[in-house]
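Engineer:
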Amino acid sequence: MEFRCLLFVLISSSAMLITQSDTTTKDPDWSDVVVTMVGREVTLPCVDWPLTGSVSINWKMKSPGVDHWKLVLSANERQQFSGAASKASMRLVDSNFQETGDFSLLFVPKMEDKGRYSCLIKQQEKKLREKIILLAILTVSIFPSATLPHHSTLRLMAEVSPASTVSEVTWLSPGGTPLRLAKRSGGGVAKLPQIRLTDQGVYICQVYPRGNSSSPMFPFTVDLRVDGMNVASFTNISHSAQISMASLTQTPLTLACPPMRGDYVLLYWKPPDSKNINTTTLVYGYDRWRDRTEQSKTHAQLSLDGPLSTPKEGFFSFLLSPGLNDGGLYTCEVFLNDNAFSQRTLLSILQVKARHSPSALVLTCQYTERSQVKRVVWSHQNQSRTLKWSSSGPGRLSTVVPLSPTQDTAGNYTCTMQLQNGQAVKAVYTVKLPPKGGENQTVQLGSLDIDLRSAYPLLMLTIIGNAKKNFSQVNVN
Numbered sequence: 001m002e003f004r005c006l007l008f009v010l011i012s013s014s015a016m017l018i019t020q021s022d023t024t025t026k027d028p029d030w031s032d033v034v035v036t037m038v039g040r041e042v043t044l045p046c047v048d049w050p051l052t053g054s055v056s057i058n059w060k061m062k063s064p065g066v067d068h069w070k071l072v073l074s075a076n077e078r079q080q081f082s083g084a085a086s087k088a089s090m091r092l093v094d095s096n097f098q099e100t101g102d103f104s105l106l107f108v109p110k111m112e113d114k115g116r117y118s119c120l121i122k123q124q125e126k127k128l129r130e131k132i133i134l135l136a137i138l139t140v141s142i143f144p145s146a147t148l149p150h151h152s153t154l155r156l157m158a159e160v161s162p163a164s165t166v167s168e169v170t171w172l173s174p175g176g177t178p179l180r181l182a183k184r185s186g187g188g189v190a191k192l193p194q195i196r197l198t199d200q201g202v203y204i205c206q207v208y209p210r211g212n213s214s215s216p217m218f219p220f221t222v223d224l225r226v227d228g229m230n231v232a233s234f235t236n237i238s239h240s241a242q243i244s245m246a247s248l249t250q251t252p253l254t255l256a257c258p259p260m261r262g263d264y265v266l267l268y269w270k271p272p273d274s275k276n277i278n279t280t281t282l283v284y285g286y287d288r289w290r291d292r293t294e295q296s297k298t299h300a301q302l303s304l305d306g307p308l309s310t311p312k313e314g315f316f317s318f319l320l321s322p323g324l325n326d327g328g329l330y331t332c333e334v335f336l337n338d339n340a341f342s343q344r345t346l347l348s349i350l351q352v353k354a355r356h357s358p359s360a361l362v363l364t365c366q367y368t369e370r371s372q373v374k375r376v377v378w379s380h381q382n383q384s385r386t387l388k389w390s391s392s393g394p395g396r397l398s399t400v401v402p403l404s405p406t407q408d409t410a411g412n413y414t415c416t417m418q419l420q421n422g423q424a425v426k427a428v429y430t431v432k433l434p435p436k437g438g439e440n441q442t443v444q445l446g447s448l449d450i451d452l453r454s455a456y457p458l459l460m461l462t463i464i465g466n467a468k469k470n471f472s473q474v475n476v477n
């Protein structure tokens with residue numbers, strides 16, 4: 001009789017709904033599912049009422065993709081016979097099956113033993129009842145091993161064959177937390193990068209059968225240990241060519257990472273113009289399998305929102321709106337299993353400051369990561385006019401604009417920073433003539449990137465004040 005049964009399986013905080021009539025429509029030829037592992041003793045259940053008279057049991061087996069059945073075992077109340085598909089370990093659970101009604105078959109399977117099994121019960125040489133049991137084999141693979149080096153990447157692989165036997169496979173951590181799974185046919189892969197001592201314990205693989213099954217779920221445990229004395233080393237590192245970049249302060253830029261899928265990403269930073277080789281620090285880390293982020297407070301403006309960045313899928317790039325001191329050497333390392341990939345970016349930052357006095361406007365170019373800077377110059381829009389500039393220290397270049405502005409001194413003052421590779425950025429400071437009939441003047445600051453591949457929007461700052469008064473220092477970022 002056709003029936004519908006709703007089976008709810010609760011995993012953590014989420015529920016999975018299976019409608020058995022939907023699945024049995026596709027597989028109407030089995031009445032039970034058993035999932036086991038190679039080499040593990042398994043029982044195929046076939047239980048009925050105690051019977052009287054002449055009773056016999058026939059166990060047959062049909063492999064996946066095969067149309068015919070092979071005899072496994074045949075027995076009656078007097079004797080037992082082994083068929084062509086029988087295994088040395090095969091036997092009936094209860095030799096007194098006639099009185100107990102237990103016709104179950106017990107054996108230790110190999111991979112080739114998966115498939116459908118028929119339990120045919122006869123009474124007085126007439127078919128009394130037949131039960132079809134689908135036997136599936138689970139294979140669990142652990143990498144690197146059941147004893148893991150500290151900081152290595154744990155890979156838990158589960159695969160059920162035949163794949164059509166299962167609706168879902170999940171992994172639970174020792175604390176009962178579901179692990180993220182990359183699904184494959186009949187199973188999937190769960191990963192835990194940077195394994196620590198706190199990650200060791202018993203992991204549970206849960207197999208949920210499809211269609212009719214007397215068991216809603218089959219659990220399998222794996223006991224994993226972490227060797228704290230053995231730390232994983234990533235010696236197979238692929239280095240991409242270093243990138244040299246220049247940028248204005250507070251102008252969003254992309255810090256590239258290696259363009260391949262990874263399990264997690266680490267971003268290291270060495271401050272600009274640092275002579276100490278031990279100043280490199282970790283400023284950002286993201287583990288896509290745990291969806292866990294670690295970020296330094298010194299780089300709160302850093303995010304994994306770069307172009308084409310899909311962190312949960314394993315592709316990474318960073319977006320940074322830098323301050324003057326955020327230049328330096330950035331190293332993005334992407335890790336996949338036992339392999340590491342590295343991309344370094346050397347970043348120079350340019351910033352302009354304006355300081356007013358009663359008689360002059362002092363414009364100062366500040367720049368960091370001087371190691372790759374070829375030159376820094378001030379220029380005026382009137383190219384025939386030669387500006388004088390001075391330096392009060394490394395990474396500082398100043399020019400003086402007399403007040404009040406005249407037709408000769410007004411206009412655009414441009415600070416250009418050019419790198420060794422030819423890339424350049426400009427900060428343009430616009431000095432306007434005071435309006436006619438008043439003493440107030442308007443000074444505007446803009447920024448412009450002359451790299452032909454992109455153009456940054458013009459940023460304007462208006463400072464209105466009395467030219468005859470002392471002005472406080474204005475920091476333009």
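FYI, the numbering for the sequence shown is 1 to 477, going by our numbering. Cβ atoms here follow ideal geometry from the backbone N, Cα and C, with glycine treated the same way. Since this is a predicted model, take the numbers as computed values, not measurements.
Which runs of the beta strand (DSSP E), 3 residues or longer, sit entirely within the region 157-233?
Structural biologist: Segments of the beta strand (DSSP E) lying fully in the region 157-233: 166-172, 181-184, 187-192, 201-209 and 218-231.
Engineer: Leaving out five residues on either side along the sequence, give the residues of the same chain with a beta carbon under 6 Å from the beta carbon of MET217.
Structural biologist: Here residue 217 corresponds to residue number 217 of the sequence shown, with the count starting at 1. Same-chain partners within the cutoff: GLN206 and TYR208.
Engineer: Can you tell me which of the three DSSP states HIS356 falls into?
Structural biologist: Here the question's residue 356 lines up with position 356 in the sequence shown. DSSP places HIS356 in strand when its eight states are reduced to three.
Engineer: Quick one: Cα of LYS183 to Cα of VAL189, how far?
Structural biologist: Taking the first residue of the sequence shown as position 1, residue 183 is located at position 183. Taking the first residue of the sequence shown as position 1, residue 189 is located at position 189. Each residue's Cα considered, the two are about 7 Å apart.
Engineer: Could you give the DSSP three-state label for PRO405: helix, strand or coil?
Structural biologist: For this step, residue 405 is matched to residue 405 along the sequence shown. Looking at PRO405 - three-state DSSP - the assignment turns out to be coil, as it is neither helix nor strand.
Engineer: Please give the ranges of any beta strand (DSSP E) in the region 384-435, keeping only runs that are unbroken, at least 3 residues long and fully inside the region.
Structural biologist: Fully enclosed beta strand (DSSP E) runs of 3 or longer: 396-402, 411-419 and 424-431.
Engineer: What did DSSP end up calling LYS275 once you bin it into helix, strand or coil?
Structural biologist: Position 275 of the sequence shown, counted from the start, is the residue given in the question as residue 275. Of the three classes helix, strand and coil, the one that applies to LYS275 here is coil, per DSSP.
Engineer: LEU224 and GLN242: beta carbons closer than 8 Å?
Structural biologist: Mapped onto the sequence shown, residue 224 falls at position 224. Mapped onto the sequence shown, residue 242 falls at position 242. Against a cut-off of 8 Å, the Cβ pair of GLN242 and LEU224 comes out as no contact.
Engineer: Quick one: what's got a C-beta closer than 7 Å to PRO144's C-beta in the same chain, skipping five residues either side?
Structural biologist: In the sequence shown, counting from the first residue as 1, residue 144 sits at position 144. SER152.
Engineer: Could you work out which residue in LEU138, SER141 and SER118 is closest to GLU130 when comparing CA atoms only?
Structural biologist: Against the sequence shown, residue 130 aligns to sequence position 130. Here the closest residue by C-alpha is SER118.
Engineer: Spell out the partners DSSP gives PRO149 in its beta bridges.
Structural biologist: Against the sequence shown, residue 149 aligns to sequence position 149. Per DSSP, ASP227.
Engineer: Considering Cα atoms alone, identify which of LEU387, ASN212 and PRO272 is closest to ASP369.
Structural biologist: Taking the sequence shown and counting its residues from 1, the one referred to as residue 369 is at position 369. According to the sequence provided, residue 369 is Glu. The question's Asp does not apply to it. Per the Cα distances, PRO272.
Engineer: First and last residue of the beta strand (DSSP E) that includes THR139?
Structural biologist: As a first step, residue 139 is located in the sequence shown; it is residue number 139 there, counting from the start. First-last of the beta strand (DSSP E) with THR139: 126-143.
Engineer: Which residues mark the beginning and the end of the alpha helix (DSSP H) in which GLU99 is found?
Structural biologist: Within the sequence shown, numbered from 1, the residue matching residue 99 stands at position 99. First-last of the alpha helix (DSSP H) with GLU99: 97-100.
Engineer: Could you give the distance in angstroms between the alpha-carbon of VAL169 and the alpha-carbon of LEU138?
Structural biologist: The count along the sequence shown starts at 1 and reaches residue 169 at position 169. The count along the sequence shown starts at 1 and reaches residue 138 at position 138. Their backbone Cα atoms lie some 10 Å apart in a straight line.
Engineer: For the beta strand (DSSP E) holding GLN295, just list the boundary residues, first then last.
Structural biologist: In the sequence shown, counting from the first residue as 1, residue 295 sits at position 295. It spans 292-295 - the beta strand (DSSP E) in which GLN295 sits, taken as one unbroken run.
Engineer: Does the beta-carbon distance from PRO149 to ASP263 come in below 8 Å?
Structural biologist: Residue mapping note: residue 149 aligns to position 149 of the sequence shown, counting from 1. Residue mapping note: residue 263 aligns to position 263 of the sequence shown, counting from 1. In this structure, ASP263 does not lie closer than 8 Å to PRO149 by Cβ.
Engineer: Sorted by chain position, which residues of the same chain lie with C-beta nearer than 6 Å to ASN412's C-beta, five sequence neighbours on each side aside?
Structural biologist: For the purposes of this step, residue 412 is taken as the residue at position 412 of the sequence shown. So the qualifying residues of the chain are GLN381, VAL428 and THR430.
Engineer: Opposite HIS380 in the DSSP bridges: which residues?
Structural biologist: Counting from one through the sequence shown, the residue named residue 380 turns up at place 380. Partner(s): TYR413.
Engineer: Please state whether the Cβ-Cβ distance between THR249 and GLY328 is less than 8 Å.
Structural biologist: In the sequence shown, counting from the first residue as 1, residue 249 sits at position 249. In the sequence shown, counting from the first residue as 1, residue 328 sits at position 328. For THR249 and GLY328, no; Cβs fall outside 8 Å.
Engineer: How close, in whole Å, do the beta carbons of PRO307 and THR254 come, if the pair is a contact with beta carbons under 8 Å?
Structural biologist: Numbered from its first residue, the sequence shown carries residue 307 at position 307. Numbered from its first residue, the sequence shown carries residue 254 at position 254. Contact holds; Cβ gap of about 6 Å.
Engineer: DSSP three-state label for THR368, please.
Structural biologist: Locating residue 368 in the sequence shown gives position 368, where the first residue counts as 1. Strand.
Engineer: Any idea which residues DSSP pairs PHE103 with across the strands?
Structural biologist: Taking the sequence shown and counting its residues from 1, one reaches residue 103 at position 103. DSSP, once it has assigned bridges, lists no residue as partnering PHE103.
Engineer: In the DSSP assignment, find the beta strand (DSSP E) that holds THR281 and state where it starts and stops.
Structural biologist: Within the sequence shown, the letter at position 281 stands for residue 281. Its beta strand (DSSP E) spans residues 281-287.
Engineer: So what's LEU253 in DSSP terms, helix, strand or just coil?
Structural biologist: To locate residue 253, count along the sequence shown from 1; it is residue 253. Of the three classes helix, strand and coil, the one that applies to LEU253 here is strand, per DSSP.
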